[in-house]
Amino acid sequence: MPITHAHTIFPAQKNDDDALCVQVRDLNFSYPDGHMALAGVSIKLCDGDKVALVGPNGAGKSTLMLHLNGILGGHGEVEIKGQRLTRDNLPAIRAMVGLVFQNPDDQLFSPTVFEDVAFGPLHMGLPEDEVRARVDAALEAVRMSSYKDRLSHHLSVGEKKRIAIATVLSMNPSILILDEPSAGLDPRARRTLINLLRELPITMLVSTHDMTLVQELFPRTIVMDEGRVVADGLTSEILEDEKLLTAHGLEKP
Amino acid sequence: MHFDAFDRYHEKESFIHHLDPRVKAVVTIVFIVSNALLPDGAWTAFIFAWLFLLLANALSRLGITYTIKRSLIALPFALIAVTILFSMPGEPIASFKLLMWNLTVTDTGFLRFVSILIRSWLSVQLAILLVATTRFPDLIHAFEHLRVPAILTTIIAFLYRYLFVLTDEVLRLLRARESRSAASAGKRSGGGVLWRAKVAGNMAGQLFLRSYERSDRIYNAMLSRGYTGHLYTLNPHEMKPRDYFVTAFAIAIIFIVQIIGRL
Chain A
1 MPITHAHTIF
11 PAQKNDDDAL
21 CVQVRDLNFS
31 YPDGHMALAG
41 VSIKLCDGDK
51 VALVGPNGAG
61 KSTLMLHLNG
71 ILGGHGEVEI
81 KGQRLTRDNL
91 PAIRAMVGLV
101 FQNPDDQLFS
111 PTVFEDVAFG
121 PLHMGLPEDE
131 VRARVDAALE
141 AVRMSSYKDR
151 LSHHLSVGEK
161 KRIAIATVLS
171 MNPSILILDE
181 PSAGLDPRAR
191 RTLINLLREL
201 PITMLVSTHD
211 MTLVQELFPR
221 TIVMDEGRVV
231 ADGLTSEILE
241 DEKLLTAHGL
251 EKP
Chain B
1001 MHFDAFDRYH
1011 EKESFIHHLD
1021 PRVKAVVTIV
1031 FIVSNALLPD
1041 GAWTAFIFAW
1051 LFLLLANALS
1061 RLGITYTIKR
1071 SLIALPFALI
1081 AVTILFSMPG
1091 EPIASFKLLM
1101 WNLTVTDTGF
1111 LRFVSILIRS
1121 WLSVQLAILL
1131 VATTRFPDLI
1141 HAFEHLRVPA
1151 ILTTIIAFLY
1161 RYLFVLTDEV
1171 LRLLRARESR
1181 SAASAGKRSG
1191 GGVLWRAKVA
1201 GNMAGQLFLR
1211 SYERSDRIYN
1221 AMLSRGYTGH
1231 LYTLNPHEMK
1241 PRDYFVTAFA
1251 IAIIFIVQII
1261 GRL
């Protein structure tokens, strides 16, 4: 059974600029080998939005995500919380945008869980007490408090994923960006993750192939294909549009 | 799939386990340097150094023979010193012919060779005890706080983290090769040596490419969390009076061993 959400207004249609969290205007990007990954992408996210980003492999989802905190820099405009992304405010933007990579082995690069979760806050220059408090809070949020002193390579994939989310939560981001969070998880770990994502009170943009997850968790869906946004609307409507789904290699859950 | 064979840490509650990692690191290094400085044939000093080692073993509650069993891994490296047997000038004690060489073992050469074996055997044992009683991340912190350059500690930390990931990757590659190394009925599996070498070379190349791409992704993950070229860590350790006492005590013993060795 899909969970019904309390969103009555379609978030992107609210014309309240204060509540704008992410705004991308006409973003273009080509990889060095000439492959055009993004061709004029524009999206808007408001505070509190939980948005799914779907589309076939190579549609440009990950590339778009890497633009939102300035890892990649294409032509076009990226605005986070009303601040335009430039070279100078890159550190500030990165503190606001929490990006969780698909492979937790890439995300967790420190020997212990504590060090990994503390990495962000420490590099933001926070004092020690504050860092420790944030690490505790972040691990608490993903229900992994008892894992603080564990070694990263001893964890299961599901545990690694949750710790990976904690590593950015500790930076108190304004928006959480997840790349295929449910890939490679067994049903139980997937369920735990879904519950976790539902509870986190934070703006979210999640790329995924898991359409059941989309249906359950996200009121709004953006469909990308060949570097373009081909649909952006209520998940319930998009999932009913079979012509759209088939045209972009997606399946109804 | 999980590969864990490198982790030599043994979880235990013991006096040695609870020491500050800096103390253990410093004492181990001082012990190794002291062994290297002992003159050839300082048998009494070697015995005292060994007793010191046994005491450390006993206090770690891993068992008195714990490090002896594991010290054999260092033997092949110590054997590099075997040329000393023949190259030191002195009284000949044995002589034999190997292929086209006439080899003569001298007494001073023999004395030095045995001394080198004992020195390296003792040193390796305390190092083994160090990694068995100290979690690796703590060890890295210890070196950080002992002012080892950050670039070195960082490299070691990453090496430690990704050694396991890489070994898993290698195991996967090997398994993929094995599961496709089939043979038709009545024929030998695989081609000639050259062909096999080529396959192995391709696999090594694959591994390098994958690691290279992974390093890129890791770097992106670091950038995303505010990395600008400086690594910051928190120090979870604090020197207690006991730690200072143990350091002083251990270094005093090592010093006495040095004096005994030079008498």
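If you read the sequences in order, they're chains A and B.
Sequence positions in the first sequence follow the numbering used here and run 1 to 253.
Sequence positions in the second sequence follow the numbering used here and run 1001 to 1263.
For every residue, glycine included, the Cβ atom is placed at its ideal position computed from N, Cα and C.
Quick caveat: nothing in here was measured; it's all calculated off a predicted structure.
| query | Thinking C-alpha only, which one of B:S1034, B:D1216, B:L1234, B:N1057 is nearest Q1125 (chain B)? | reply | Along the second sequence, read from residue 1 onward, the residue named residue 1125 (chain B) stands at position 125. The shortest C-alpha separation from Q1125 (chain B) is found at B:N1057.
| request: Flag L68 (chain A) as yes if its beta-carbon sits less than 7 Å from any beta-carbon of chain B, otherwise no. | output: As a position in the first sequence, residue 68 (chain A) is number 68, starting the count at 1. No, because no Cβ of chain B sits closer than 7 Å to the Cβ of L68 (chain A).
| said: Applying the 10 Å Cβ sphere with the 16-neighbour rule, what's the burial state of N195 (chain A)? | reply: Within the first sequence, numbered from 1, the residue matching residue 195 (chain A) stands at position 195. Exposed: under 16 other Cβ atoms inside 10 Å.
| field | Those residues which DSSP pairs with E77 (chain A) across a bridge | value | As a first step, residue 77 (chain A) is located in the first sequence; it is residue number 77 there, counting from the start. E77 (chain A) is bridged to A:R25.
| field | Boundaries (first-last residue) of the beta strand (DSSP E) holding S1179 (chain B) | value | Taking the first residue of the second sequence as 1, we reach residue 1179 (chain B) at position 179. Unbroken run through S1179 (chain B) is the alpha helix (DSSP H), 1150-1180; no beta strand (DSSP E).
| query | Cβ of P1021 (chain B) less than 7 Å from any chain A Cβ? | reply | Looking up residue 1021 (chain B) in the second sequence gives position 21. So, not an interface residue.
| Reduced DSSP secondary structure (H/G/I, E/B, other) of F101 (chain A) | Position 101 of the first sequence, counted from the start, is the residue given in the question as residue 101 (chain A). Three-state result, F101 (chain A): coil.
| request: For Q215 (chain A), I'd like the list of residues in its chain whose CB is within less than 7 Å of its CB, leaving aside the five on either flank, ordered along the chain. | output: The sequence position of residue 215 (chain A) within the first sequence is 215, counting from 1. Hits under 7 Å: P2, T235, L239, P253.
| query | Looking at chain A, which residues of the region 1213-1228 of chain B have a Cβ within less than 8 Å of any of its Cβ atoms? | reply | R1214, R1217, I1218, N1220, A1221, M1222, L1223, S1224, R1225, G1226, Y1227, T1228
| request: Closer than 6 Å by C-beta to L99 (chain A): which residues in its own chain qualify, once you throw out the five before and the five after it? Chain order, please. | output: The count along the first sequence starts at 1 and reaches residue 99 (chain A) at position 99. Taken in chain order, the residues that qualify are N69, I177.
| Excluding five sequence neighbours on each side, which residues of the same chain lie with their C-beta closer than 6 Å to the C-beta of R228 (chain A)? | Mapped onto the first sequence, residue 228 (chain A) falls at position 228. The answer, listed in chain order, is A39.
| query | Can you tell me the Cα-Cα spacing of A183 (chain A) and N103 (chain A), whole angstroms? | reply | The residue you call residue 183 (chain A) lines up with position 183 of the first sequence. The residue you call residue 103 (chain A) lines up with position 103 of the first sequence. A183 (chain A) and N103 (chain A): Cα-Cα distance of roughly 9 Å.
| task | Below 6 Å CB to CB, which residues in the same chain sit around M1239 (chain B) once its five sequence neighbours on both sides are set aside? | result | As a first step, residue 1239 (chain B) must be located in the second sequence, where it is residue number 239. Around M1239 (chain B), the same chain offers D1020 as residues with beta carbons nearer than 6 Å, after the five sequence neighbours per side are excluded.
| task | Quick one: list the residues of chain B neighbouring P271 (chain A), beta-carbon separation under 8 Å, in chain order. | result | In the structure as shown, chain A begins at 1 and stops at 253. Residue 271 (chain A) is therefore absent and cannot be evaluated.
| What residue from A:G55, A:V113, A:S110, A:L90 has the CA that sits closest to E226 (chain A)'s CA? | Within the first sequence, numbered from 1, the residue matching residue 226 (chain A) stands at position 226. If we check each option's Cα against that of E226 (chain A), A:G55 comes out closest.
| field | Collapsed DSSP secondary structure at K1069 (chain B) in the structure displayed | value | For the purposes of this step, residue 1069 (chain B) is taken as residue 69 along the second sequence, with counting starting at 1. K1069 (chain B) falls in the helix class under three-state DSSP.
| So, do the region 64-84 of chain A and the region 125-137 of chain A have three or more beta carbon pairs nearer to each other than 8 Å? | The answer is no - the region 125-137 of chain A does not touch the region 64-84 of chain A, with fewer than three Cβ pairs under 8 Å.
| T1106 (chain B), DSSP secondary structure in three states | Here the question's residue 1106 (chain B) lines up with position 106 in the second sequence. DSSP, read as helix, strand or coil, puts T1106 (chain B) in strand.
| request: Could you give the DSSP three-state label for K61 (chain A): helix, strand or coil? | output: Along the first sequence, read from residue 1 onward, the residue named residue 61 (chain A) stands at position 61. Helix, per DSSP.
| message | Can you check whether the C-beta of G60 (chain A) is within less than 7 Å of a C-beta belonging to chain B? | response | Along the first sequence, read from residue 1 onward, the residue named residue 60 (chain A) stands at position 60. Not one chain B Cβ lies under 7 Å of G60 (chain A).
| query | Quick one: Cα of I165 (chain A) to Cα of S1211 (chain B), how far? | reply | Locating residue 165 (chain A) in the first sequence gives position 165, counting from the first residue. Locating residue 1211 (chain B) in the second sequence gives position 211, counting from the first residue. Whole-angstrom Cα-Cα distance: 23 Å.
| query | Which value, in whole angstroms, describes the spacing of the CA atoms of N1135 (chain B) and W1121 (chain B)? | reply | The sequence position of residue 1135 (chain B) within the second sequence is 135, counting from 1. The sequence position of residue 1121 (chain B) within the second sequence is 121, counting from 1. Here the sequence assigns Arg to residue 1135 (chain B), which means Asn is not the residue at that position. Taking the straight line from one Cα to the other gives about 23 Å.
| field | Alpha-carbon spacing of V206 (chain A) relative to S110 (chain A), whole angstroms | value | The sequence position of residue 206 (chain A) within the first sequence is 206, counting from 1. The sequence position of residue 110 (chain A) within the first sequence is 110, counting from 1. When rounded, the distance between both Cα atoms is 25 Å.
| message | Considering Cα atoms alone, identify which of B:L1263, B:T1247, B:A1185, B:I1218 is closest to R1022 (chain B). | response | Here residue 1022 (chain B) refers to the residue found at position 22 of the second sequence. When each option's Cα is compared against that of R1022 (chain B), the closest is B:T1247.
| said: Tell me the DSSP secondary structure of S174 (chain A) in three-state form. | reply: The residue you call residue 174 (chain A) lines up with position 174 of the first sequence. Here S174 (chain A) sits in coil by DSSP.
| message | Please report whether the beta-carbon of F1003 (chain B) lies at a distance below 7 Å from any beta-carbon of chain A. | response | Here residue 1003 (chain B) refers to the residue found at position 3 of the second sequence. The predicted model places F1003 (chain B) with a pLDDT of 47, which falls under 50 and marks its position as unreliable; any figure quoted below should be read in that light. Closer than 7 Å: no.
| request: Just mark A1182 (chain B) as buried or exposed, buried being the case when its beta carbon has 16 or more other beta carbons within 10 Å. | output: The residue you call residue 1182 (chain B) lines up with position 182 of the second sequence. Exposed, by the Cβ-count rule.
| message | Cutting at 7 Å between CB atoms, please list the residues of its own chain near T192 (chain A), excluding the five before and the five after it. | response | The residue labelled residue 192 (chain A) in the question sits at position 192 within the first sequence. The answer, listed in chain order, is G158.
| task | State the DSSP-derived secondary structure class of G1226 (chain B), mapped to helix, strand or coil. | result | Numbered from its first residue, the second sequence carries residue 1226 (chain B) at position 226. G1226 (chain B): coil per DSSP, three-state reduction.
| said: Can you give me the C-alpha to C-alpha distance between L1103 (chain B) and L1037 (chain B), rounded to a whole angstrom? | reply: If you number the second sequence from 1, residue 1103 (chain B) lands on position 103. If you number the second sequence from 1, residue 1037 (chain B) lands on position 37. The straight-line gap from Cα to Cα measures roughly 29 Å.
| query | Could you give the residue range of the alpha helix (DSSP H) that holds T1028 (chain B)? | reply | On the second sequence, position 28 is the one that residue 1028 (chain B) refers to. For T1028 (chain B), the enclosing alpha helix (DSSP H) begins and ends at 1021-1037.
| said: So with CB distances below 9 Å, who are the chain B contacts of L99 (chain A)? | reply: Counted from its first residue, the first sequence places residue 99 (chain A) at position 99. Neighbours of L99 (chain A) on chain B, chain order: N1220, A1221, S1224, R1225.
| request: Alpha carbon to alpha carbon, how far is L72 (chain A) from L94 (chain A)? Give it in angstroms, no decimals. | output: Counted from its first residue, the first sequence places residue 94 (chain A) at position 94. Counted from its first residue, the first sequence places residue 72 (chain A) at position 72. Looking at the sequence shown, residue 94 (chain A) is not Leu but Arg. Between R94 (chain A) and L72 (chain A), the C-alpha separation is close to 12 Å.
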